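Okay, so here's the structure we're looking at.
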Amino acid sequence: MAKRKDKKRSAQLFADLNKISANAQPTSTTHELTRMGKFRFQLLHQWLAENFAPCRVADIGGGKGLLAYLLQENGWTATVIDPTHQALPDKYKDMATNKRVRIATSERVPHVNLAFDQSMTKDFDLLVGMHAHGCNVKIIDAAIAQGKSFVLLPCCIIDEPVYPPHGVHWLQCLADYAFGNGCTIHPFRLNFGGQNIGFYSKNQKPGY
Numbered sequence: 003m004a005k006r007k008d009k010k011r012s013a014q015l016f017a018d019l020n021k022i023s024a025n026a027q028p029t030s031t032t033h034e035l036t037r038m039g040k041f042r043f044q045l046l047h048q049w050l051a052e053n054f055a056p057c058r059v060a061d062i063g064g065g066k067g068l069l070a071y072l073l074q075e076n077g078w079t080a081t082v083i084d085p086t087h088q089a090l091p092d093k094y095k096d097m098a099t100n101k102r103v104r105i106a107t108s109e110r111v112p113h114v115n116l117a118f119d120q121s122m123t124k125d126f127d128l129l130v131g132m133h134a135h136g137c138n139v140k141i142i143d144a145a146i147a148q149g150k151s152f153v154l155l156p157c158c159i160i161d162e163p164v165y166p167p168h169g170v171h172w173l174q175c176l177a178d179y180a181f182g183n184g185c186t187i188h189p190f191r192l193n194f195g196g197q198n199i200g201f202y203s204k205n206q207k208p209g210y
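Going by our numbering, 78 is the number at position 76 of the sequence shown; the sequence numbering is gapless.
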């Protein structure tokens with residue numbers, strides 16, 4: 003009976019993901035842009051603020067750290083985990099005012115300049131991976147093992163321990179992996195160009 007219920011839930015999850023993939027409306031219409039462009043960090047920042055309370059965030063594969071900076075400016079504790087240290091951008095577009103905002107050269111966000119490993123997550127509440135190549139399965143595993151929430155927007159399949167079967171989308175493969183390991187997950191979509199579909203899970207613990 004339990005297996006049948008799990009199969010039904012899994013099928014429904016994939017139906018939801020497919021619906022989002024098939025040009026469904028974004029999760030929040032307040033984030034609609036005239037053109038889907040390069041504002042993915044701002045859009046994810048807004049989405050996180052709407053769906054999570056401020057907490058300690060690991061921005062895995064966070065690059066220049068704009069997402070971490072935006073979260074930090076709004077009272078979150080955010081750290082970039084990325085083996086390649088990059089300086090913050092000198093400006094970004096504020097979605098609320100539609101104006102460019104300069105970032106002072108003195109501004110900083112914390113960095114861990116190492117490849118992501120599960121042992122790094124103990125001091126964080128939320129693990130975020132947006133196009134975090136090679137880290138998606140590790141993020142799911144770390145969240146399950148240490149009772150963390152996670153948000154994933156997967157993109158390319160690079161150096162992952164799990165690969166999708168022929169004909170299965172990488173997003174669906176990861177969702178199935180998370181679901182199969184006991185995660186309750188929820189799909190979402192943001193309105194930026196490229197791979198903008200993801201899923202999230204809150205406070206994963208074995209048997210929770």
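Glycine is no exception: its CB is placed at the ideal position from the N, C-alpha and C atoms.
What you are looking at is a predicted structure, and each value in this text was computed from that prediction instead of being measured.
Let me know the beta strand (DSSP E) ranges lying completely inside the stretch 131 to 199, each 3 residues or longer, listed in chain order. Qualifying beta strand (DSSP E) stretches, in chain order: 151 to 155 and 188 to 191.
Buried or exposed: which applies to Asp-119, given that a residue is buried once 16 or more other Cβ atoms fall within 10 Å of its Cβ? On the sequence shown, residue 119 is found 117 positions in, with the first residue counted as 1. Exposed, by the Cβ-count rule.
What is the rounded straight-line gap between the Cα of Ala-147 and the Cα of Leu-155? For this step, residue 147 is matched to residue 145 along the sequence shown. For this step, residue 155 is matched to residue 153 along the sequence shown. For Ala-147 and Leu-155, the distance between alpha carbons rounds to 20 Å.
Following the continuous beta strand (DSSP E) through Arg-58, name the residue where it begins and the one where it ends. As a position in the sequence shown, residue 58 is number 56, starting the count at 1. Counting along the chain, the beta strand (DSSP E) containing Arg-58 begins and ends at 58 to 62.
Does the pairing of the stretch 106 to 121 with the stretch 79 to 95 give three or more beta-carbon distances under 8 Å? yes
Let me check one thing: in DSSP terms, what residues is Leu-113 bridge-paired to? Locating residue 113 in the sequence shown gives position 111, counting from the first residue. First, the residue type needs correcting, since residue 113 is His and not Leu in the sequence shown. Per DSSP, Val-82.
Starting from Ala-106, trace the alpha helix (DSSP H) both ways and give me its first and last residue. On the sequence shown, residue 106 is found 104 positions in, with the first residue counted as 1. Careful: Ala-106 lies outside any alpha helix (DSSP H) and carries neither H nor E.
Same chain, Cβ closer than 8 Å to Asp-96, neighbours up to 5 away in sequence not counted: By 1-based counting over the sequence shown, the position of residue 96 is 94. In the same chain as Asp-96, and ignoring 5 residues on each side of it, the C-beta atoms closer than 8 Å to its own belong to Gln-44, Arg-102 and Val-103, in chain order.
Roughly how many angstroms lie between the CA atoms of Arg-37 and Met-122, to the nearest whole one? Locating residue 37 in the sequence shown gives position 35, where the first residue counts as 1. Locating residue 122 in the sequence shown gives position 120, where the first residue counts as 1. With a pLDDT of only 43 at Arg-37, under 50, the local geometry of the prediction cannot be trusted, and the value read off the model is given with reservation. Looking at the two C-alpha atoms, the distance is approximately 37 Å.
Ignore the nearest five residues each way along the sequence and tell me which others in Val-153's own chain have a CB closer than 6 Å to its CB. Along the sequence shown, one-based indexing puts residue 153 at 151. Around Val-153: Val-130 and Tyr-202.
Can you tell me which of Gly-195, Gln-197, Ile-105 and Arg-191 puts its alpha carbon nearest to the alpha carbon of Asp-18? Locating residue 18 in the sequence shown gives position 16, where the first residue counts as 1. Here the closest residue by C-alpha is Arg-191.
Kindly indicate the opening and closing residues of the beta strand (DSSP E) around Lys-93. As a working mapping, residue 93 is identified with position 91 in the sequence shown. That run of the beta strand (DSSP E) goes 93 to 96.
Euclidean distance between Cα positions of Asp-61 and Glu-75: On the sequence shown, residue 61 is found 59 positions in, with the first residue counted as 1. On the sequence shown, residue 75 is found 73 positions in, with the first residue counted as 1. Going from the Cα of Asp-61 to the Cα of Glu-75 covers about 15 Å.
Where DSSP assigns a beta bridge to Ser-121, which residues make up the other side? Locating residue 121 in the sequence shown gives position 119, where the first residue counts as 1. Looking at the DSSP assignment, Ser-121 forms no beta bridge with any residue, so it has no partner.
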